Each structure stands twice: as structure tokens, then as C-alpha cells.
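If you read the protein sequences in the order shown, they are chains A and B.
According to our numbering, the first sequence is numbered sequentially starting from 2.
According to our numbering, the second sequence is numbered sequentially starting from 61.
Note sheet for the following structure.
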Amino acid sequence: MSDMSYESVMSRKAQIMRASIGIEYDKYELEGIGFDYEGLMSDTAYPMEEITAIQRETGVGNTPLVELKNITRLVREISEPGKGARIFLKDEAANPSGSFKDRRASVSVARAKELGYRGVIAATSGNYGAAVASQAMKRGLKCIVIQECYDRTGTGQPEILEKARACEAYGAEVAQLSVGPELFYYFLLLLEETGYFNASLYTPFAIAGIESLGFEIAQQSRRVIGKDPNFVLATHAGGGNLTGTARGLIKAGAEKTSVIGASVDLSGLHMASDRDFNRKSFTTGHTGFGIPFAVFPDRSDVPRNAARPLRYMDRYLLVKQGEVFYVTEMLARLEGLQRGPAGNTSLTAAIALARELPEDSTIVVQETEYTGAGKAPSAQLTFARKNGVKVVRGDPLTHDVPGKVIAIPENPSQIKYTELGLDRLRESYIRELIKRQIVPSEKDLDYLAREIKLTRDEAARLLKEVSR
Amino acid sequence: MMARRGQWVQIHSILLKAGERAPSVPSDTADVPLELRVRGFLQDGSASIGQVVRILTAAGRLVEGALEIIEPRHVHDFGDYVPELSQAGDELTIWLAGGDENE
Chain A
2 MSDMSYESVM SRKAQIMRAS IGIEYDKYEL EGIGFDYEGL MSDTAYPMEE ITAIQRETGV
62 GNTPLVELKN ITRLVREISE PGKGARIFLK DEAANPSGSF KDRRASVSVA RAKELGYRGV
122 IAATSGNYGA AVASQAMKRG LKCIVIQECY DRTGTGQPEI LEKARACEAY GAEVAQLSVG
182 PELFYYFLLL LEETGYFNAS LYTPFAIAGI ESLGFEIAQQ SRRVIGKDPN FVLATHAGGG
242 NLTGTARGLI KAGAEKTSVI GASVDLSGLH MASDRDFNRK SFTTGHTGFG IPFAVFPDRS
302 DVPRNAARPL RYMDRYLLVK QGEVFYVTEM LARLEGLQRG PAGNTSLTAA IALARELPED
362 STIVVQETEY TGAGKAPSAQ LTFARKNGVK VVRGDPLTHD VPGKVIAIPE NPSQIKYTEL
422 GLDRLRESYI RELIKRQIVP SEKDLDYLAR EIKLTRDEAA RLLKEVSR
Chain B
61 MMARRGQWVQ IHSILLKAGE RAPSVPSDTA DVPLELRVRG FLQDGSASIG QVVRILTAAG
121 RLVEGALEII EPRHVHDFGD YVPELSQAGD ELTIWLAGGD ENE
């Protein structure tokens, strides 16, 4: 039996990964810091028609695009005359397990089946677990989902407990861990023990699965609105949602559509802290994932992450926890839709953004998710209070403090975004590389420019500035 | 309380002790062990809470750990009545209805 100590298992990472994904990542490494991203995507993923065919087999995709007419009317009432974009919502909750994650899981699981694996493993505390479980069962594969779920007292985040229930309902095994990044260690151990497929969120297949979402948005918008949307807003965490959606939009020819990321601002809370764990009222879609994954995507559970959000992001907007709860309530009360939390983060940013835009512009909020016990705002706010977080009515901009105070807006005019400038993220991207002794040089400039969405000259200038 | 063979149970085990945690974790996390909880069907004849047992998980794995809960129920719910949220919702409903709720 092989050594199960932390250091020993981590040192076997490369071989475990190779055996569990079936991709020779080394083949795509370039001289210098980069790798051939498009080569990796086109060789190992599937073209759009095949993605769609795979997804139709298990009832994934083709979700409705719903116009939020009452919310748009409310936005116009609190905006200057002539302002207030039309807001549409892609109702991804209509997927089999209730979120866009089915798109991601469907292609991963199909690939696992094709390659002859007996089962799949995913490390996720989110909807992806339920999606992998649901897809695996449909294709007759075993499934294990590993969650970071409990703090030191054995208290579980209600939203994560709900995901565990959903996974078990589909027939998956759920391994629930206490707080800590060593979840990855256990993930490797299980891959080794079972020989199952690594249904990572970040493989080329997983990201290709999301491309159909962007593709559908473009097609539906042309049919429903008569043009491509001006803006697509994606809740941003690990980067796959935004990356896949943007790539799908580009494949559909919607090149002019701006892709904007939105996250809940959880600054000040440490993601690996046992104490902070249950003071977060959002388990994903927040800055604790959003920023680290944007500035160093290759921190993921595969050798090269296929989710590379800085390549596609046009702007990055942050909103507060209380605003998202308020907007979740608004979606129920004004549009008759109980959804979320995930998509409601980008909906919150959309409402704030819509106020600045002319009435003939359009925003598509690109996902919703099923809601219920553990996920509903009342569940999360009750849990927050139990963990010593205050819940008040007040202007989130001045009152909201992550881990301490959740301020529910007093009126819709208090829904505002704060913008995190992309240049700051680009600088951090370069710093993160340097921190790891991956120092970009002149010959890496083309790659670097593509990675952070700049021209070669701009990238050269930024690199010089940061290296100084 | 005793669990019978074949019953659905939850077990608990320590994966990494407090001193064995990854070097990168903050001190409040490093000070506690990495714990695992997993559910499955009890393989032993019978067992009481705290006893080390083996279970068969839904994926068909045999896992060993201390028996923690017999037939665990899902305890998460919709939470308490939250007046701040309910009030916000009512304000929006009143707006949609066109103004004053008393008219």
C-alpha cells in the first residue's frame, strides 16, 4: 500500500492526475511560461454540435430566456429619464439538477464513459456536485463528491448541506470534510484508490460544456430581442462560468457583446480559516474565489486550467451580501421566480449597471439556480445570525462588513456595484507568476497579452512596470 | 442506541491530525484536525455510537470510522422568520401594486 501522508500523496499528484483525466497536458506546454490553450481546447474538447448532442441526450440546456419586465420598470423609475436597460435572465434552473453546472458535468461524464472509467469524482461544495451526480447516474457511472462542509464544531454551512442532500438523492457518495485546502489531498487519495475519472470543474470538457450557454444566449437574443445583447453578466468564482459563456458567445459570432463578471465582496474573510468559514453567507460567487482564480488560474485541480477568465472579462463588478439577498427577494416578489443565490449576484450587478445605460440597451444575466432549504435567504440570514453576524436594514455601501454585518438595502436605489479595475487584476496576475518563480520574459509576451487581454505593447509596458 | 448491520449510518474519522496540516493553512485551521464525515450501510453486526465500524458507501467503497449518527436526517431548513427580509419584500409588493397598501 502506498504512503498516505500529506507530503507523499501530494508528491504523486502528477501521476494521479494523468491517470484520472486522460489528457497529456505536457504536450501543450510552450517554451517559457505559457501553454497552447486553444490547441488544448480544440484537441481535447468537442465542437459545438457535439456538445449540444451530448447535452440533449441527458436533457441539458435549451433553457428559457426570460425578460424581467417588472424589475426593468423599477430600474427605470429610479434612473434618470431615458436610462434603464432591459434585463433578461437565462433560467438555467431548468436544467436537470437545477443549475448551469449540468452543462459542465454532462460533457465530463460523457467523456469519462467514453474512456471506460467506472466512476467519477468531483471536489466541490457547490451545485457542480449535484450536476455530476445526476449526469453520472444517467450514464450508469458511480459518483463520489467531496465537499468542504463543516467547521471545527461539526456545524455545516446550510447551503452545502443542501448540496450534499441533492447528491445523495441522485445516488452519489458524499465525503464531507472540515475546513481546509487539504481537501485536494483527500481528492487525490480517492482518485488513486478508486481509479475513477477526475470530473474537475476545470478540464477542457467542463469548460466546453458551458460554451453552449453563451451560444444559446446569442441565438435566443437574436430571436427574442432582435440583436445580440450589449452585456452578458456572469457570476464569477472559479472562472469557468465566465470563460465558457464568453467562448460560446464568440463562437456564435456575438463578438461585440461585453462580458462582465460579478462577485459578492467578501474581502477580509480568509478562505482557509476555520473561524471565518461559517461567517460567509455565500459559498461561491464571491471574491474569495473570484480574485485568486482570475489572477492565477492554474491553482486548480488540473495541471492547466481551461477556465481563464482574464482572457475574456471586460469588467469586474462587486456587490454586497445584503444586496444579493434583497435582489433574491425582489426576483420572487416582482417576477414570481424563486431562484438563487448564485445567479442573483450577477442580477444585482445588472440592476445597478442598468441604471446607467440607455433604455434600448440590453443585459442578459446568464444563470439562475434552483433554490430551497439551506439556500433561501431566510436560511442563510438565520445561519448568519447564529454565527454572530448582524442583519440590519441599511445602505450596504456604508453598513455591510463581511463576517460582521449584512445590510439589506432600504430601497432599490441603494443597489450599487463597486468596480474592481482590470488593470489591478492584471498586475496581480503578473505578481502571482513572479511569486512562484515563473518569471515572464520578452518571449512570453504574446502569451501574456492573450492571458490578460491586452495588446503585446500594453502587456510589455505592464510587465516592465510590475517587474520594477 | 445500537445500530444494526445494514443500517444507514454516518461515520467520522480524522484524516490529518492538528500537527499534520498543510503548511499554508492559517493558525486557527492548523490547530484542529482535518475531519471526514461520510455515510453508508453498516457492515458490522451491531455497534454503538463512538465505536469504530466499517460502512459500504453509495459508490461501493468500504470506509472505516467512528459511528456518529444512526440514520442521519437532513437538518438544514428554511431558517427563522427574518423581519428585515419580509419587510423588504412587502415594500416591493406594494410598489408593484401601485402604491399605498391601504388604498
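Cβ coordinates follow ideal geometry from the N, Cα and C atoms, glycine included.
Model, not experiment: these values are computed from the prediction.
With a threshold of 16 other CB atoms inside 10 Å of the CB of B:V69, please say whether the residue is buried or exposed.
The count along the second sequence starts at 1 and reaches residue 69 of chain B at position 9. Buried is the call here.
Cutting at 7 Å between CB atoms, please list the residues of its own chain near A:R19, excluding the five before and the five after it.
On the first sequence, position 18 is the one that residue 19 of chain A refers to. Here the set comprises nothing.
So which residues of chain B does A:Q177 contact, with C-beta pairs closer than 8 Å?
In the first sequence, residue 177 of chain A corresponds to position 176, counting from 1. The contacting residues are L96, R97, V98.
Anything in chain B within Cβ reach of A:D275, meaning under 7 Å, just list it in chain order.
Taking the first sequence and counting its residues from 1, one reaches residue 275 of chain A at position 274. Going along chain B in sequence order, the residues near A:D275 (Cβ under 7 Å) are D88, T89, V92.
According to DSSP, A:M18 sits in a beta bridge with which residue or residues?
Counted from its first residue, the first sequence places residue 18 of chain A at position 17. Paired residue(s): none; A:M18 is not in a bridge.
Does the pairing of the stretch 113-125 of chain A with the stretch 133-149 of chain A give three or more beta-carbon distances under 8 Å?
yes
Is the Cβ of A:A377 closer than 8 Å to any Cβ of chain B?
Your numbering for residue 377 of chain A matches position 376 in the first sequence. Closer than 8 Å: yes.
Would B:L76 count as contacting chain A if we go by Cβ distances under 8 Å?
The sequence position of residue 76 of chain B within the second sequence is 16, counting from 1. Yes, because at least one Cβ of chain A sits closer than 8 Å to the Cβ of B:L76.
Is it the case that the Cβ atoms of A:E169 and A:R316 are separated by a distance below 8 Å?
In the first sequence, residue 169 of chain A corresponds to position 168, counting from 1. In the first sequence, residue 316 of chain A corresponds to position 315, counting from 1. No, they are not a contact pair.
Give me the Cβ distance between A:N545 and A:E370, rounded to the nearest whole Å; I'm assuming they're in contact under 8 Å.
Missing from the structure shown is residue 545 of chain A; chain A here goes from 2 to 469 and no further.
Pull up the CB-CB distance for A:A209 and A:M42, whole angstroms please, since I reckon it's below 8 Å.
Position 208 of the first sequence holds residue 209 of chain A. Position 41 of the first sequence holds residue 42 of chain A. Rounded, the Cβ-Cβ distance is 7 Å, consistent with contact.
Going by DSSP in three states, A:F326 sits in which element: helix, strand or coil?
As a first step, residue 326 of chain A must be located in the first sequence, where it is residue number 325. If DSSP states are grouped into helix, strand and coil, A:F326 belongs with the helices.
Residues of the stretch 132-148 of chain B whose Cβ lies closer than 8 Å to any Cβ of chain A, in chain order
For the stretch 132-148 of chain B, which is checked against every Cβ of chain A, the residues closer than 8 Å are H134, V135, H136, D137, F138, G139, D140, Y141, V142, E144, L145, Q147, A148.
Does DSSP put A:P359 in a helix, a strand or coil?
The residue given as residue 359 of chain A occupies position 358 in the first sequence. Strand, per DSSP.
Can you tell me where the alpha helix (DSSP H) holding A:A131 begins and where it ends?
Taking the first sequence and counting its residues from 1, the one referred to as residue 131 of chain A is at position 130. Its alpha helix (DSSP H) spans residues 128-139.
From the beta carbon of A:I453, is the nearest beta carbon of chain B less than 8 Å away?
In the first sequence, residue 453 of chain A corresponds to position 452, counting from 1. No, no contact with chain B.
Just to confirm my understanding: we take B:I130, look at its own chain, exclude 5 residues before and 5 after, and list those with CB closer than 7 Å. What are they?
As a working note, residue 130 of chain B is residue 70 in the second sequence. Around B:I130: M61, A63, Q67, V69.
Could you check whether the stretch 52-67 of chain A touches the stretch 216-228 of chain A, counting it as contact only if at least three pairs of C-beta atoms, one from each stretch, sit closer than 8 Å?
yes
Can you find a CB in chain A that lies within less than 8 Å of the CB of B:L152?
Stepping through the second sequence from its first residue, residue 152 of chain B is reached at position 92. It does: the Cβ of B:L152 has a partner Cβ on chain A nearer than 8 Å.
Spatially closest choice to A:A307 from A:R87, A:A235, A:R248, A:A273, by CA coordinates
As a working note, residue 307 of chain A is residue 306 in the first sequence. Residue A:R248 is the option with its Cα nearest to A:A307.
Expressed to the nearest angstrom, what Euclidean distance is found between the alpha-carbon atoms of A:D401 and A:D37?
In the first sequence, the residue the question calls residue 401 of chain A occupies position 400. In the first sequence, the residue the question calls residue 37 of chain A occupies position 36. Computed Cα separation, rounded: 42 Å.
My assumption, with CB atoms under 8 Å, is that A:V440 sits in contact with A:L434. Please give the rounded CB distance.
Here residue 440 of chain A refers to the residue found at position 439 of the first sequence. Here residue 434 of chain A refers to the residue found at position 433 of the first sequence. About 7 Å; that satisfies the 8 Å criterion.
Against B:V85, what residues of chain A qualify as contacts under a CB-to-CB distance less than 7 Å, listed in chain order?
Counted from its first residue, the second sequence places residue 85 of chain B at position 25. Correct list: G181, P182, A273.
Go to A:E183, then tell me how far its beta strand (DSSP E) extends in each direction, as first and last residue.
Reading the first sequence from its first residue, position 182 is the one you call residue 183 of chain A. No beta strand (DSSP E) holds A:E183; DSSP gives it neither H nor E.
DSSP beta-bridge partners for A:E30?
Here the question's residue 30 of chain A lines up with position 29 in the first sequence. A:E30 is bridged to A:F36.
Flag this pair as yes or no: are the beta carbons of A:A132 and A:S179 separated by less than 8 Å?
Your numbering for residue 132 of chain A matches position 131 in the first sequence. Your numbering for residue 179 of chain A matches position 178 in the first sequence. At a Cβ-Cβ threshold of 8 Å, A:A132 and A:S179 do not count as neighbours.
So A:V233 is in the beta strand (DSSP E); what residue range does that whole segment cover?
In the first sequence, counting from the first residue as 1, residue 233 of chain A sits at position 232. Residues 232-236.
Find the nearest neighbour of B:E144 within the set A:R469, A:A408, A:L426, judged by alpha-carbon distance.
Reading the second sequence from its first residue, position 84 is the one you call residue 144 of chain B. Selected option, being the one with the closest Cα: A:A408.
Look at the alpha carbon of B:E163 and the alpha carbon of A:T284, and state the distance between them as a whole number of angstroms.
Translated into the one-based positions of the second sequence, residue 163 of chain B becomes position 103. Translated into the one-based positions of the first sequence, residue 284 of chain A becomes position 283. Because B:E163 carries a pLDDT of 44, less than 50, the predicted location of this residue cannot be relied on, and no value is offered for it.
Between the C-alpha atoms of A:F278 and A:E368, what's the straight-line distance to the nearest angstrom?
The sequence position of residue 278 of chain A within the first sequence is 277, counting from 1. The sequence position of residue 368 of chain A within the first sequence is 367, counting from 1. Distance between the alpha carbons of A:F278 and A:E368 is about 25 Å.
Note down the Cα distance separating A:E93 from B:G105, rounded to an integer number of angstroms.
By 1-based counting over the first sequence, the position of residue 93 of chain A is 92. By 1-based counting over the second sequence, the position of residue 105 of chain B is 45. Each residue's Cα considered, the two are about 46 Å apart.
For a contact meaning CB atoms closer than 7 Å, what does B:E187 contact in chain A?
Residue 187 of chain B is absent from the model: chain B starts at 61 and stops at 163.
For A:A460, I'd like the list of residues in its chain whose CB is within less than 6 Å of its CB, leaving aside the five on either flank, ordered along the chain.
Taking the first sequence and counting its residues from 1, one reaches residue 460 of chain A at position 459. So the list reads L446, L449, A450, once near-sequence residues are dropped.
Quick one: does A:E81 have its CB under 8 Å from some CB of chain B?
Counting from 1 along the first sequence, the entry for residue 81 of chain A is found at position 80. For A:E81, the answer is no, since every Cβ of chain B falls outside 8 Å of its Cβ.
Which two residues bound the contiguous beta strand (DSSP E) that contains A:Q148?
Along the first sequence, read from residue 1 onward, the residue named residue 148 of chain A stands at position 147. Here the beta strand (DSSP E) through A:Q148 covers 143-151.
State yes or no: is the beta carbon of A:K143 nearer than 8 Å to at least one beta carbon in chain B?
What you label residue 143 of chain A is simply residue 142 of the first sequence in a count that begins at 1. Chain B contact via Cβ: present.
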